[in-house]
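Residue numbers (the numbering used here), protein chains in the order written: chain Y, 364 to 517; chain F, 376 to 938.
Backbone N, C-alpha and C fix where the C-beta goes; we use that ideal spot for every residue, glycine too.
To start, the structure under review is shown below, and the notes come after it.
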Amino acid sequence: MSQTAQDQSVEEVVAALGRQNGTTLGRVLGRGSVGLAEEGADGRMRATIRIPEDDLVYEPRVLVLPHAGEVELTLINDDKNTHCAVLPSNGDYQFIWLVNSSKGTAVLDLDGPGYYWYGSRTGNDEGRGLTGAIVVQGDAPPEARLDRPPQPRP
Amino acid sequence: MATDYVDAGQAVGNSTLSGIIGKAPAVTQGVNYDRIRNARSEPQNWLTYYGAYDGQRYSPLDQINKDNVRRLTPAWMFQCGSVGLHAGKSTYSFEASPIVVDGVMFLSGWDGWVWALDARSGELLWQYRHAIPFDVSLCCGNVNRGVAVADGMVFVVTLNAHIIALDAETGKKVWDKTYGDVRAGESATVAPLAVKDMVIVGSSGGEFGVRGHADAFKRETGEHVWRCYMVPKPGEPGSDTWPAEGEAWARGGANCWVTSTFDPDLNLLYFGTGNPCPDFDGGVREGDNLYTDSGVAVDVDTGEIKAHFQYTPHDLWDYDSTMEHILFDLDGQKLAAHFDKNGFLYILDRTNMQPVRVAPFVDRIDWGEVDEKGNVTPLRYPEAEGDPVHFWPGPAGAKEWTHAAYSPDTELLYCPVQDVGATATRRRREFKESIPYWGAGVAVDLEDMAGSISAFDPRTGREAWRWANDIPMCASVLATRGGLVFAGEPTGEFNALDASSGEHLWQFQCGSGHHSSPCTYSVDGRQFIAVPTGWGAWTEGFLPGMLGAGQGSSLIAFALPED
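Below, the structure is given as structure tokens:
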């Protein structure tokens, strides 16, 4: 049985935001681990995303790419439930079905900079937490930038 | 113990799980400059954004006419909806004008979508979706205003400021060029224009303190041909209209996010430019601030500015002039008609951009006075810090970016009119790249508003007739040789009016409001009227009284019954 709101400290409330059926029913989006894609000798970016048991999240929750381009993901479902991933990519969403204890791949073409959400459209996965982010670092190419002096940023 | 994983394979494109054919007929291979230049000679098609380079939004088709329009009925409908979280969650509505070539419709939507449809049945032939970063800066909704087609390719801009070329038969990407800096707050929403061997685009981001520009790219390769900045650098012509000290010019705005019109004989593109930055606070940018709020004639081959007219010098009301310049010849004169946000209709000599006549087109104007030569006397504007000032028209303008039409049959201009005011309270702020750069708190009126489709005689500037509505009209109109003017309402009704009298002849409730550009075409002799619908975008700016209205996203094609 959960504590009432009056019984909890702020720290307990915040900690429970990061687990299933704590403060919330699922997990608040955007919280959790951060991972970096690795760039191979062939220039291709690669990363692994896992779905751990009974946590309804993608790990890492935020995947950071060093620059725009193609990234090859290995997706592993370690959970005892079936999930999927609907992933952003130029041309079309990429869809992969991930039954319990399965492993697959996805190749994404992202031109950033900026960040992209992806998620599982299975059942109630999205609301419970199966929504991740992919961050693309970098800048617009020099020829596309404005002809003006450097400007202050926030 | 190591897990023995089931092989889930490799992710597949969503389209492979949709029943989409994945192939369109090769109808655009022969669409070249000559055909687009003579677009009105093939009325079965809607070959370019406005239907023709002149921006008249007029079709010679007359199968649907004022005698039979009461029988008009939906023939097919296209919907897409939305998946997951996307940028600009305030909307996923249409703002596009469809392009139609020999029975195939090419259409863009929100969030990077492009579709090819069978224009007779509505069947989806292929789709492309550009992945749009969630955090791209969007002033006015997750929208796109359309595509261009030529030489077997479809050209479209993306919200993260790319211009891409797609294979018109498959929807596969051919080339991709970046022409804006999303870290500076730039984006792209304009429908490209195919001219000669180029495709012409403009930048968005005028509320983020960028420096507006138009760009030309080679259609075949994507090679960059020219860039035309709409705010001059120090030392360039017009730079004396900006403060000599500081960098106000570098943040000056003047974005051209609406498709230009084009006169092939004069070799000139006619761009409308956006507001100066920051909006409302003129104290940090003393001077007229060229070429903001202007009509700008640009040499299509070089990108050089040849002539201009500034509608609202030193703008303090957010009166963009991005909306179209309709090109037409009358009584031996080469003219351009422009309904400006500031509430005045300008008839210009398009050879030199000098005004021939100026006339008001909305009932309530108190921001200032404009004489018959276009000279401005400001009357009501935010001046003192923290002091609220109410003015008409509000920053949405007496006409938004959505388009008017001109019929050579009636020789009348048809304008969707918005009569709504606003209160602005000046609040000065520092400039920071990528952060909205506004100089006021603004509240658009929630009550006491009106709208109309109004017809104007370009010879006199006088109103010929008016079909009145109790709220503003915010969608483009379409005129046809059938003696009809089509116009959608924010409340979802799609109307046909008598082009000569304004008499209301037909209506269909589309289920969500209109904020896009209908077109007409025919397939095997059957005329269709296609209207993209769906309420949304920066509703808080142009009609906050309808902010809570249902947001949909359907394209509906109407036709007469076949029997």
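Tell me, please, whether the region 427 to 440 of chain F touches the region 489 to 496 of chain F by the rule of three or more beta-carbon pairs shorter than 8 Å. no
Self-check item: Where F/Phe-869 falls: helix, strand or coil (DSSP)
Solution: strand
If you drop the 5 nearest sequence neighbours on each side, which residues of the same chain put their C-beta closer than 7 Å to that of Y/Met-364? Low per-residue confidence applies at Y/Met-364: pLDDT is 45, beneath 50, and the placement is therefore not dependable, though the value from the model is reported in the following sentence. Nothing listed; no residue qualifies.
### Message
Could you check whether the Cβ of Y/Arg-508 sits closer than 8 Å to any Cβ belonging to chain F?
### Response
yes
Problem set entry | Where Y/Lys-466 meets chain F, residues with beta-carbon distance less than 9 Å | Thr-378, Tyr-380, Val-381, Asp-382 and Ala-383
Quiz item: Counting only beta-carbon atoms, is Y/Gln-500 nearer than 8 Å to chain F?
Solution: no
- Assign F/His-889 to buried or exposed, taking buried as 16 or more other Cβ atoms, counted over all protein chains shown, within 10 Å of its Cβ. buried
Problem - Proximity test, Cβ basis, 8 Å: Y/Gly-475 and chain F - result: yes
Check your understanding: Counting Cβ pairs, one atom from each stretch, are 3 or more of them under 8 Å apart for the region 491 to 501 of chain Y and the region 403 to 423 of chain F?
Key -> no
*Along chain Y, which residues have their Cβ under 7 Å away from the Cβ of F/Ser-390?*
Asp-455
Quick check on DSSP: helix, strand or coil for F/Gly-916? helix
Evaluate contact between the region 608 to 621 of chain F and the region 565 to 576 of chain F, counting only Cβ atoms and requiring at least three cross-stretch pairs below 8 Å.
no
F/Gly-394 classed as buried or exposed, judged by whether at least 16 other C-beta atoms fall within 10 angstroms = exposed
Answer yes or no: does any C-beta atom of chain F fall closer than 8 Å to that of Y/Arg-516? yes
- Message: Using only CA atoms, which one of F/Arg-504, F/Met-605 and F/Glu-679 lies nearest to F/Asp-695?
- Response: F/Met-605
Skipping 5 residues on each side, what residues in its chain have a beta carbon closer than 6 Å to that of F/Val-860?
Tyr-789, Val-852, Ala-854, Leu-872 and Ala-874
Candidates F/Leu-935, F/Gly-925 and F/Tyr-896, of which the one nearest F/Gly-478 by Cα: F/Tyr-896
Within chain Y, the residues that F/Thr-553 reaches when beta carbons sit closer than 7 Å: Ala-503, Pro-504 and Ala-507
* **Stretch pair the region 448 to 457 of chain F + the region 544 to 553 of chain F: three plus CB contacts closer than 8 Å** => no
request  = At 9 Å on the CB atoms, spell out the chain Y contacts of F/Phe-806, in chain order.
outcome  = Gln-514 and Pro-515
Need the endpoints of the alpha helix (DSSP H) that Y/Gly-490 sits in, please.
488 to 491
- Does the region 456 to 472 of chain Y come within contact of the region 434 to 448 of chain Y, defined as at least 3 CB pairs closer than 8 Å? yes
Look at the Cβ atom of F/Val-673, then the Cβ atom of F/Glu-679, and state whether they are nearer than 8 Å.
yes
**Asked** Do F/Gly-581 and F/Asn-630 have their C-beta atoms within less than 8 Å of each other?
**Response** yes
Checklist line | Nearest residue (CA-CA) to F/Glu-868, options F/Gln-882, F/Ser-876 and F/Gly-877 | finding: F/Gln-882
inquiry  = For a quick check, are the C-beta atoms of Y/Ala-531 and F/Val-557 less than 8 Å apart?
reply    = Since the first residue of chain Y shown is 364 and the last is 517, residue 531 of chain Y is not available in this structure.
| task | Spell out whether any CB of chain F is found under 8 Å from the CB atom of Y/Thr-485. | result | no
Q: Determine which residues of the region 416 to 442 of chain Y have a Cβ less than 9 Å from any Cβ of chain F, and write them out in chain order.
A: Leu-436, Leu-438, Ile-439, Asn-440 and Asp-441
- request: State yes or no: is the C-beta of F/Ser-562 within less than 8 Å of the C-beta of F/Ala-536?
  value: yes
Y/Leu-450 versus chain F: which residues are under 8 Å apart at the beta carbon? Ala-386
Practice task
Determine the contact status of F/Gly-927 and F/Gly-909, defining contact as a CB-CB distance below 8 Å.
Solution key: yes
Check the Cβ of Y/Thr-558 against every Cβ in chain F and list those closer than 9 Å, keeping chain order.
-> Any answer about residue 558 of chain Y is impossible in this case: the structure gives chain Y only from 364 up to 517.
Worksheet item: Thinking C-beta only, is F/Asp-654 closer than 8 Å to F/Ala-815?
Response: yes
Next item on the list: Mind reading off the beta-carbon distance from F/Tyr-686 to F/Asp-715? Whole number of angstroms is fine, and I expect it under 8 Å.
Entry: 5 Å
Give the DSSP-derived three-state secondary structure of F/Asn-440 in the structure shown.
coil
Checklist entry - If we cut at 8 Å on Cβ distances, does Y/Leu-399 have a partner in chain F? => result no
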